[in-house]
Each structure stands twice: as structure tokens, then as C-alpha cells.
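Below: one structure, written as C-alpha cells.
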């Protein structure tokens with residue numbers, strides 16, 4: 001079992017390294033009836049913010065309602081899940097009828113792309129009749145309105161001096177022998193990140209009977225060199241068990257490691273072994289999804305098993321030679337310049353608005369798959385559908401596909417996407433353009449005072465299109481010709497639907 005879960009603090013007195021913040025949080029809770037304000041607790045990942053919130057609930061005897069803002073952030077979900085809990089009490093839940101609403105990742109809500117989520121939370125903290133804790137990594141990424149309506153408590157990085165006693169206590173409880181210097185080195189290496197230090201300790205303890213300084217990699221680690229060496233291990237040399245154990249020495253989170261493996265795996269794997277490896281990566285991705293949904297980091301173990309041991313087991317024998325590995329291509333796109341990041345954020349915002357997901361989900365989950373599926377515009381039909389669906393211009397298509405924005409290929413795709421949107425607009429207009437006169441005077445009245453639309457129909461109410469002839473006379477399009485046009489339009493619409501369906505099925 002993951003030690004960070006097994007030994008999660010159950011009371012505020014067990015929270016280490018943030019005494020001042022811990023005391024401020026306790027005071028906020030004990031005086032809540034006087035001020036009735038929500039509180040934002042913020043600071044770096046891994047320093048105990050979420051643990052402190054749940055420990056406080058245990059101390060106060062408050063049942064908790066937890067909502068992860070990264071995955072369930074729309075106005076409807078917030079009002080349904082958090083809103084009902086925050087606006088109504090319970091007489092049977094203990095704690096004086098109080099319940100604590102905990103909203104994690106509250107800094108990952110971005111205006112209209114999250115369908116009113118930011119406004120809903122701001123309104124909620126103003127109206128809540130129950131205590132609320134909002135947890136954030138970046139305080140100033142939250143809206144001014146939200147910050148102004150909440151108290152705030154900063155959790156600082158945990159010092160190595162505070163981490164060492166925690167590691168020593170864990171060793172004693174798990175029966176792990178250790179050198180004091182080894183724990184000090186481990187604490188220095190993870191300065192500020194208590195959760196990271198505990199995870200490193202567990203990983204080392206599972207492979208040795210006595211923890212020594214030789215087991216701890218001291219100093220600042222070169223993560224780029226380490227990951228390249230590990231790719232050789234997992235993709236060419238190691239068996240399943242060795243690949244899993246070697247992953248403990250790589251300073252990459254499972255979310256990052258899966259991207260490294262996925263992007264470089266096709267350089268060494270072929271055919272059936274590649275297909276098997278992708279199945280394991282798919283399983284790993286599902287486990288990572290559960291972590292994001294539930295915040296239960298014990299599922300990281302199953303994701304790691306699949307992306308390391310599973311990928312190694314899928315290989316047919318060992319492989320030799322040298323392979324030019326590189327960082328995930330999607331990452332390189334994100335960090336090239338501020339302009340590139342702006343392009344990325346625009347695409348993510350379009351995806352979030354159209355698909356009803358968060359900006360975080362759009363950036364980290366949907367955009368990488370779109371990039372893979374439309375790489376260099378090879379699947380032209382899907383690329384056109386993507387550009388049309390999300391209203392992307394040439395620079396946005398170039399960003400997702402990796403093609404040059406000034407190339408004829410991208411320019412033609414953007415033009416076709418524009419035409420596709422125009423056709424879709426007419427097709428889904430619900431007949432609003434039918435009965436319009438050729439000179440555009442739809443709805444105007446003639447000299448008799450009758451509307452042009454009324455004159456356009458026959459005695460049976462059938463709609464016809466009236467065209468001005470060159471000699472000033474008017475001629476009606478025969479009904480059978482109109483039927484033919486409608487049939488052709490239906491056929492074209494079907495083709496359009498087919499183009500759209502490729503992206504819809506994928507999304």
C-alpha cells in the first residue's frame with residue numbers, strides 16, 4: 001500500500017512542517033460561526049494541504065463533501081454537488097450539524113471555458129451556510145472575485161529539518177533499518193516536498209534491507225540523462241521486474257513518464273509487440289485517469305506496473321543498437337515561446353468550450369491525442385473536421401499537427417474547414433433562409449403592403465424561390481427542381497456528417 005495514504009495524518013497535530021498555517025486553519029474552523037467565510041489554502045504540491053483539510057474535518061467532527069475542481073467544474077455540477085452541501089446542514093451528521101466542503105485544484109478553473117464554473121464557485125462562497133475549504137497550488141491564478149471573498153492561508157514548502165523526523169518515524173513503523181545520514185540526504189533531495197520524500201523512501205525500502213547513503217542519489221539529479229538511460233532499459237534490455245524496479249530511480253511522475261515512453265516506443269517496437277505495448281499503455285492511462293478523478297495516488301502503482309513492466313514484457317526479446325530518443329514532441333511545442341503558449345491556450349480554450357471539459361483536461365488529455373491523430377495532416381479528413389469543429393486558423397492547425405502554417409496543405413485545410421462550417425450553418429439553420437428573395441430583402445413588404453415571404457408561397461402554402469429575370473419578369477422554380485436541390489443538399493449534409501463523425505467518434 002502507498003505509504004502516503006497509509007500514514008496520512010488523521011488529526012491536525014500530526015501535520016508536519018507548517019505549524020503556523022495549521023494553527024491558522026484550526027482558528028478559522030473554530031471561529032467559523034462568527035465570520036462564516038470560506039478559506040483558500042495554497043502552496044506547492046506535496047506539502048500536505050489536502051491532508052490538513054481532512055485532518056481538520058476529523059478534529060471538528062465534520063463529515064466531508066469533496067469535489068475535484070479539475071474534473072467536475074461546470075456550473076451545474078458545482079451547484080448540484082457542492083452547492084447543496086454548502087447551503088444546507090444536517091442534523092444527523094454530528095459536528096453541530098456542520099459539514100465541510102473541500103474543493104481541490106480550485107485554481108484550475110478558467111472562466112467561460114469551464115461553463116460558468118468560476119462564477120458558480122464565487123457565488124457559492126458568498127452564499128454558503130457551511131464551511132468550505134478551497135485548495136490551490138497557485139493562489140494568484142484564481143479570480144480576484146474569488147480571492148476577495150475568502151480568507152487565505154499559505155502552506156510553505158516543508159524544510160528538510162521537518163522531513164527527517166517523518167522519514168525516521170516511517171522507518172520505525174515499517175521495520176526498516178537506516179543510517180541517519182541517508183534520511184538527511186533523502187530529505188535534502190526532496191526539500192519542500194514531503195510527499196515526494198515519503199514516496200522515495202518507500203521505493204528504496206522495497207529494494208533493500210538497510211537504507212544507506214549509497215542508496216540515496218544525492219545532489220540535483222539530471223532528469224534528462226536519467227530518463228534517456230531508462231528508455232534504453234525498458235524498451236531494449238530489461239525484463240518486466242527489472243523495468244519496474246529501474247523506474248524507481250527515474251525522477252519523473254507517472255503522468256510524465258507515460259509520455260516519454262509513448263513517444264519513443266515506436267522507434268524500437270514494431271508490429272505485434274508495438275500493439276501489445278500500446279495495450280499496456282492504455283491500461284496505465286486508465287489508472288492515471290482514476291488518480292485524477294479520485295485523488296487516490298495509490299493507483300499510481302498500477303499505472304506504473306503497466307507502463308514499465310507491461311511495456312517491457314510486450315517486447316520480443318532484447319534489442320541492440322543506438323536509438324535517438326527525444327522528449328515528447330507535444331512538450332516541445334508547449335515551451336518554445338510565449339506566442340506558442342498563447343496558441344496552445346487558445347486551442348485548449350476552444351476544445352474546452354466545445355466539448356464541455358476543463359482547460360486542464362483539454363491541454364493534458366485531448367490535445368495530445370489530436371496531435372497524434374492529425375500528425376502532419378496525414379489524416380486530412382479528420383484534420384479538416386478538427387479545424388471546423390474548434391474554429392481553428394492556420395497557426396492553430398500548424399500547432400496541433402506539426403505542419404508549417406504557411407504551407408499549401410495547411411492553408412487548404414483551413415479553407416475547407418471554413419467551407420464546412422458555412423455549409424453546416426446553413427444546414428442547421430432550421431429553414432431560416434428559405435423564402436428569402438434573391439436581392440436579400442427577406443421579410444420586406446411590397447407596394448401592396450404584403451410581405452415578400454407571403455407572396456413567395458402558392459395557394460397550397462408551398463414555398464418557392466422567386467428570381468428576378470433580366471427583362472424584369474419573375475419566374476418560379478418548379479417544385480420538382482426544388483426537390484432535386486433538397487435531395488442534393490441532403491446528400492451533401494450526409495457527407496458533412498461523415499466528416500464530422502470522425503472527430504466526434506474520436507473525442
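Residue numbers (the UniProt record's numbering): 1 to 507.
Note that the Cβ used here is the ideal one computed from N, Cα and C, for glycine as well.
(message) Judging by CA-CA distance, which residue of 254, 163 and 38 is the nearest neighbour of residue 130?
(response) Residue numbering aside, residue 130 sits at position 130 when the chain shown is read from its first letter. For residue 130, the nearest C-alpha among the options comes from 38.
(request) Please report how far the alpha carbon of residue 54 lies from the alpha carbon of residue 64, in whole angstroms. (result) In the chain shown, the residue the question calls residue 54 occupies position 54. In the chain shown, the residue the question calls residue 64 occupies position 64. So the alpha carbons of these two residues sit roughly 8 Å apart.
(request) Identify which residue in 4, 386, 253 and 207 has its Cα closest to the Cα of residue 421. (result) Here the question's residue 421 lines up with position 421 in the chain shown. Nearest of 4, 386, 253 and 207 to residue 421, Cα basis: 386.
(message) Quick check: the Cα distance between residue 31 and residue 198, rounded to an integer number of angstroms?
(response) Stepping through the chain shown from its first residue, residue 31 is reached at position 31. Stepping through the chain shown from its first residue, residue 198 is reached at position 198. Near 34 Å, if we compare the C-alpha coordinates of residue 198 and residue 31.
(request) Note down the Cα distance separating residue 138 from residue 181, rounded to an integer number of angstroms. (result) On the chain shown, residue 138 is found 138 positions in, with the first residue counted as 1. On the chain shown, residue 181 is found 181 positions in, with the first residue counted as 1. So the two alpha carbons sit approximately 34 Å from each other.
(message) Just verifying my parser: in three-state terms, what is the DSSP assignment at residue 412?
(response) Here residue 412 corresponds to residue number 412 of the chain shown, with the count starting at 1. Helix at residue 412.
(message) Just to confirm my understanding: we take residue 226, look at its own chain, exclude 5 residues before and 5 after, and list those with CB closer than 6 Å. What are they?
(response) Counted from its first residue, the chain shown places residue 226 at position 226. Same-chain partners within the cutoff: 250.
(request) Check the DSSP bridge columns for residue 151 and list the partner residues they point to. (result) Counting from one through the chain shown, the residue named residue 151 turns up at place 151. In the DSSP output, where bridge partners are listed per residue, residue 151 has 39.
(request) On the DSSP bridge assignment, give the partners of residue 177 in chain order. (result) Residue mapping note: residue 177 aligns to position 177 of the chain shown, counting from 1. 210, per the DSSP bridge assignment.
(message) Restricting to Cα atoms, I'd like to know which of 136, 279 and 391 is closest to residue 417.
(response) Your numbering for residue 417 matches position 417 in the chain shown. The shortest Cα separation from residue 417 among 136, 279 and 391 belongs to 391.
(request) Kindly indicate the opening and closing residues of the beta strand (DSSP E) around residue 132. (result) Counting from one through the chain shown, the residue named residue 132 turns up at place 132. Taken as a continuous stretch (DSSP letters only), the beta strand (DSSP E) holding residue 132 covers 132 to 136.
(request) Reducing DSSP to helix, strand and coil, say where residue 158 ends up. (result) If you number the chain shown from 1, residue 158 lands on position 158. If DSSP states are grouped into helix, strand and coil, residue 158 belongs with the strands.
(request) Scan the region 296 to 365 and note each continuous alpha helix (DSSP H) run of 4 residues or more that stays entirely inside, going in chain order. (result) 300 to 304, 311 to 314, 329 to 334 and 338 to 355
(request) Leaving out five residues on either side along the sequence, give the residues of the same chain with a beta carbon under 6 Å from the beta carbon of residue 310. (result) Taking the first residue of the chain shown as 1, we reach residue 310 at position 310. Counting only Cβ-Cβ distances below 6 Å, and skipping sequence neighbours, we find 280.
(message) Here's the rule: buried if 16 or more other CB atoms are within 10 angstroms of the residue's CB, otherwise exposed. What is residue 11?
(response) Taking the first residue of the chain shown as position 1, residue 11 is located at position 11. Looking at its Cβ environment, which holds fewer than 16 other Cβ atoms inside 10 Å, residue 11 is exposed.
(message) Checking 8 Å against the spacing of the C-beta atoms, do residue 66 and residue 104 come in under that value?
(response) Residue numbering aside, residue 66 sits at position 66 when the chain shown is read from its first letter. Residue numbering aside, residue 104 sits at position 104 when the chain shown is read from its first letter. In this structure, residue 104 lies closer than 8 Å to residue 66 by Cβ.
(request) May I ask you to verify whether the region 162 to 170 touches the region 16 to 31, counting CB pairs closer than 8 Å and requiring at least 3? (result) yes
(request) Just mark residue 264 as buried or exposed, buried being the case when its beta carbon has 16 or more other beta carbons within 10 Å. (result) In the chain shown, the residue the question calls residue 264 occupies position 264. Per the 10 Å Cβ criterion, buried.
(request) Go ahead and pull the three-state DSSP assignment for residue 448. (result) Numbered from 1 along the chain shown, position 448 holds the residue referred to as residue 448. Low per-residue confidence applies at residue 448: pLDDT is 46, beneath 50, and the placement is therefore not dependable enough to give any value.
(request) Identify the continuous alpha helix (DSSP H) that holds residue 241 and give its terminal residues. (result) Translated into the one-based positions of the chain shown, residue 241 becomes position 241. Looking at the DSSP string, the run of the alpha helix (DSSP H) that includes residue 241 is 240 to 247.
(request) For residue 426, count neighbouring C-beta atoms within 10 Å of its own C-beta (all shown protein chains included) and say buried if the count is 16 or more, exposed if not. (result) Taking the chain shown and counting its residues from 1, one reaches residue 426 at position 426. Residue 426 comes out exposed.
(message) What does the alpha-carbon distance come out to for the pair residue 3 and residue 196?
(response) Translated into positions along the chain shown, residue 3 becomes position 3. Translated into positions along the chain shown, residue 196 becomes position 196. In a straight line, the C-alpha of residue 3 is about 11 Å away from that of residue 196.
(request) Spatial neighbours of residue 283 within its chain, please: CB distance less than 6 Å, with the 5 preceding and 5 following residues excluded, ordered by chain position. (result) Residue numbering aside, residue 283 sits at position 283 when the chain shown is read from its first letter. Residues of the same chain with a CB within less than 6 Å of the CB of residue 283, apart from the 5 flanking positions on each side, are 306 in chain order.
(message) If I follow the unbroken alpha helix (DSSP H) through residue 59, where does it start and stop?
(response) Translated into the one-based positions of the chain shown, residue 59 becomes position 59. That run of the alpha helix (DSSP H) goes 49 to 60.
(message) Rounded to the nearest angstrom, what separates residue 349 and residue 301 at their Cα positions?
(response) Taking the chain shown and counting its residues from 1, one reaches residue 349 at position 349. Taking the chain shown and counting its residues from 1, one reaches residue 301 at position 301. If I take the Cα positions, the gap works out to 32 Å.
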